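**Q** Protein sequence lines, in the order shown, are assigned to chains A and B.
Under our numbering, think of the first position of the first sequence as 835, with each following residue one higher.
Under our numbering, think of the first position of the second sequence as 246, with each following residue one higher.
Take a look at this one; I'll ask things after.
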Amino acid sequence: HHYWQVREAALRALTMLVERGIVTDRNWLLKETSRFILTTTNFRSYFDIKETYRTLYALCKGDEEDNGQGQGS
Amino acid sequence: MIYHIGRWIQSQADAFGFLRLLNYLSFRSIMAALTAVLIVFLLSPRFIRAMHRRNFLDRVRETGIDSAFDKAGTPTLGGVLLIVAMAVSILLWGNLANPFLLLSLAALLWFGGIGFWDDWLKSSRGSGEKGLGEITKLVLQGLFALAFIAVYLGPFSPLEPGTATQLYVPFLKRPLLDLGIFYGFFIFLFMLLVANAVNITDGLDGLAITPSIFVAGVLAVFAYVMGNTIYAGYLQYPYLHGAGELTVFVSAFIGAGLGFLWYNAYPAQIFMGDTGSLAIGGMLAVLSVLLKQELLFPLLGGLFLAEALTSQIQDKIGVRWLGRRIFYRAPLHHSLQHRGFAETKVVIRLWIVAGLLALLSLATLKIR
């Protein structure tokens, strides 16, 4: 399909079908989906340092809340 | 400075005849560009760290695009680098007695100052919405436009009185008409439109700077042609005595722009902010007026106009008057992103569009 969003949605739907055991002939599925055009005009950027910082931030915020609850009780 | 010192030394003794090299616009233009690049490269790393330390970071506005949030925390005020590099380069290599150069430099500094004030307020107040008000910005820009008009149409104009008020149209050899005093109104609106058009375009990493370089490059060619009696006569353009010096000015911008793009390309390490975008817009507006190419700008700067018009039509006519969107999204680059194009794809395709428009504009030199 011309729009990558439609192709992606189709692949996601197929994934769900496999996960639920509805599609069992996986070799056939792999053969068919190998014809999918996987190039796209979009991508999601992933910045290692920013993700690590976000994890650290969330951990620290989580600890802060735990300590706050501990002190309050 | 080097230009003036060189000419003085030349006049003192024949032994320094090699300094005649400084009389050539081409040489000084190349040196201006290289000097500006060098200055940006030298200053940028420290400047970026300093902006981090002082918390002059970009504040994200809600646009509905996920990648916009990756930009939060990127240092802004990068326009200061552009302006400083240009100013130093021009001071070194430019003919500081040339009125064309002085007017363009004044535009760069004034509009850059407005943008700096806006960026400063946004950063210090911690919100992208809390900069200078729209009306305040327009009034400040209008003040410069009025002063510029007074000089441009007055006795100190760098253009001859008969030429200053004539309206030249691309593809036509002769001026279309003489607007007289109404030329002032035309320039006023033109300057405000162009300055803000570049500002609106500056929304993605590298999107504003490269098309600006293309536009400025074409204007540099026009400046060189119109400042040369032989080329101007051959191509049937009005000869503007001294306009060739704008080639040095624009070359300094191109050098500074390329240096800035080194750090501004995706993922950007620094943004130019309103400091840079307004400075560039003001500069391009003044250059277009000085070179009598106002009506070429819709073609040459078509990308900027498309961005500005989609944004203003969406906001003023669509949302505020009709109560609904007219375009899918505005400005143009947001529309492309919402349709599923990655930021880098949008930027490079719009660069290609800007490049093609620049080529077409160059073609108007001969197709007349």
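The C-beta atom is built at its ideal place from N, Cα and C for all residues, glycine as well.
Predicted model only: the values in this text are computed from it and were never measured.
CB-CB under 7 Å to P420(B), same chain, minus the five flanking residues each way: which ones, in chain order?
**A** Taken in chain order, the residues that qualify are Q411, L412, Y413.
**Q** Is P456(B) helix, strand or coil by DSSP?
**A** Correct three-state label for P456(B): helix.
**Q** Tell me where the alpha helix (DSSP H) around H249(B) begins and ends.
**A** That run of the alpha helix (DSSP H) goes 247–257.
**Q** Of all the CB atoms in chain A, is at least one closer than 8 Å to the CB of A587(B)?
**A** Closer than 8 Å: yes.
**Q** Does any residue of chain A bring its CB to less than 8 Å from the CB of D315(B)?
**A** It does; some Cβ of chain A falls within 8 Å.
**Q** Taking all protein chains shown into account, do 16 or more other C-beta atoms lie within 10 angstroms of the C-beta of I432(B), making it buried, or fewer, making it exposed?
**A** Flag for I432(B) reads buried.
**Q** Can you grab the Cα-Cα spacing for the pair E853(A) / D859(A), in whole Å?
**A** Between E853(A) and D859(A), the C-alpha separation is close to 12 Å.
**Q** Given that a residue counts as buried once 16 or more other Cβ atoms are within 10 Å of its Cβ, and exposed if not, what is G399(B)?
**A** Exposed is the call here.
**Q** Any Cβ of chain A within less than 8 Å of the Cβ of P512(B)?
**A** Answer yes: the Cβ-Cβ gap between P512(B) and chain A drops below 8 Å somewhere.
**Q** Give me the Cα-Cα distance between T873(A) and L523(B), rounded to the nearest whole angstrom.
**A** Distance between the alpha carbons of T873(A) and L523(B) is about 37 Å.
**Q** Could you work out which residue in G451(B), P406(B), R252(B) is closest to K316(B) when comparing CA atoms only?
**A** Measuring from the Cα of K316(B), the nearest candidate turns out to be G451(B).
**Q** Cα separation between L610(B) and H583(B)?
**A** Between L610(B) and H583(B), the C-alpha separation is close to 38 Å.
**Q** Taking Cβ-Cβ distances below 9 Å as the criterion, which residues of the stretch 873–887 of chain A are in contact with chain B?
**A** Cβ contacts with chain B: T874, T875, N876, F877, R878, S879, F881, K884.
**Q** Closer than 7 Å, Cβ to Cβ, to anything on chain A: give me those residues from the stretch 577–606 of chain B, in chain order.
**A** Listed in sequence order: G585, F586, A587, K590.
**Q** Check the DSSP bridge columns for D423(B) and list the partner residues they point to.
**A** The partner list for D423(B) (beta bridge, DSSP) reads Q411(B).
**Q** Can you tell me whether L536(B) sits near the ligand NAD, meaning its C-beta is under 7 Å from at least one heavy atom of the ligand?
**A** As far as ligands go, the structure on display features none, and thus does not contain the ligand NAD.
**Q** For M471(B), collect the residues of the same chain with a Cβ closer than 7 Å to its Cβ; drop the 5 residues on either side in sequence, then sort them by chain order.
**A** Excluding residues within five positions, the ones whose Cβ falls inside 7 Å are A477, Y482, P483, Y484, L485, A488, L536.
**Q** Less than 8 Å between the CB atoms is what I'm expecting for M528(B) and G324(B), so what's the real figure, rounded?
**A** Rounded, the Cβ-Cβ distance is 11 Å, inconsistent with contact.
**Q** Quick one: list the residues of chain B neighbouring W838(A), beta-carbon separation under 8 Å, in chain order.
**A** Within chain B, the residues near W838(A) are G585.
**Q** Ordered along the chain, which non-local residues of its own chain (more than five positions away) have a Cβ less than 6 Å from that of A530(B)?
**A** So the qualifying residues of the chain are M436, V439, A440.
**Q** Is the CB-CB distance between F389(B) and A442(B) below 8 Å?
**A** No.
**Q** Could you pull the start and end residues of the alpha helix (DSSP H) that T280(B) belongs to?
**A** Segment 270–298, the alpha helix (DSSP H) holding T280(B).
**Q** Pull up the distance between the alpha-carbon of A461(B) and that of I499(B), whole angstroms please.
**A** Taking the straight line from one Cα to the other gives about 7 Å.
**Q** Which residues in the same chain have their Cβ closer than 6 Å to the Cβ of Y508(B), if we skip the five residues on either side of it in sequence?
**A** Excluding sequence neighbours, Y508(B) sits near S289, Q514, I515.
**Q** Starting from L601(B), follow the alpha helix (DSSP H) in both directions and report where the run begins and ends.
**A** Taken as a continuous stretch (DSSP letters only), the alpha helix (DSSP H) holding L601(B) covers 588–608.
**Q** When you compare each of A342(B), L354(B), T319(B), P415(B) to L327(B) by their alpha carbons, which one comes out closest?
**A** Residue L354(B) is the option with its Cα nearest to L327(B).
**Q** How many angstroms separate the CA atom of S496(B) from the CA atom of A330(B)?
**A** Cα to Cα, the separation comes out at about 11 Å.
**Q** Ordered along the chain, which non-local residues of its own chain (more than five positions away) have a Cβ less than 7 Å from that of I359(B)?
**A** So the list reads K382, L385, Q386, L523, once near-sequence residues are dropped.
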